[in-house]
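See below for the structure under consideration.
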Amino acid sequence: MKLDVILRIGVKLILPFILLFAFYVHFHGDYGPGGGFQAGVIAAAAVILYALIFGVNAAKRVVPQGLVERLIPLGVLIYAGTGVPALFEGHNFLDYGVLSHHDPVHAREYGILLVETGVLITVSSTMTAIFYAFAERGRA
92 MKLDVILRIG
102 VKLILPFILL
112 FAFYVHFHGD
122 YGPGGGFQAG
132 VIAAAAVILY
142 ALIFGVNAAK
152 RVVPQGLVER
162 LIPLGVLIYA
172 GTGVPALFEG
182 HNFLDYGVLS
192 HHDPVHAREY
202 GILLVETGVL
212 ITVSSTMTAI
222 FYAFAERGRA
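Each residue of the sequence shown is one higher than the one before, starting from 92 at the first, in our numbering.
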């Protein structure tokens, strides 16, 4: 019983830092190793850790399954929606320079950030949905 309390307090203390690290990896991905996929996996790992310590039902109250299922296509739409404006202007898909006619260099940075955000949302919600699906299965 005492170990359970230590784990719960430890997870409550470390969880914000795990999520903060996920966002660091996401925003640092433009300049070095990291990006949306890695950040998405780290964010999903935080949810899974919470579920392992506090229970799947408690995790579903914090991150509901319906929300997770709606975030999967949202991330894909953000990714695709970033590339579609270039097609309408006669350029290649995901040609970020089209996003701003005044400053194409910054437009490319913003475009990459948007795409990586879409990847983060899709990966984290997909990993969480997979965990929820396995957690709901009965034991054989």
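C-beta atoms are modelled at their ideal positions from N, C-alpha and C, and glycine is treated no differently. The model shown is predicted, which means the values in this text are computed figures rather than measured ones.
Task: Rounded C-alpha distance that separates residue 176 from residue 104 - done: 43 Å
TODO: Decide if residue 222 is buried, meaning its Cβ has at least 16 other Cβ atoms within 10 Å, or exposed.
DONE: buried
Open item on the list: Assuming contact is defined by CB atoms lying nearer than 8 Å, are residue 212 and residue 166 in contact in what I supplied?
Closed with: yes
TODO: State the DSSP-derived secondary structure class of residue 183, mapped to helix, strand or coil.
DONE: coil
Task: Three-state secondary structure assigned by DSSP to residue 122 - done: Residue 122 falls in the coil class under three-state DSSP.
- [ ] Output the distance between the C-alpha atoms of residue 178 and residue 184, rounded to the nearest integer angstrom.
- [x] 6 Å
Task: Segment limits, alpha helix (DSSP H) that includes residue 127 - done: 127-145
TODO: Answer with buried or exposed for residue 219, where buried requires no fewer than 16 other C-beta atoms within 10 angstroms of its C-beta.
DONE: buried
TODO: Can you grab the Cα-Cα spacing for the pair residue 102 / residue 214, in whole Å?
DONE: 22 Å
- [ ] Could you have a look at residue 95 and say whether DSSP puts it in helix, strand or coil?
- [x] helix
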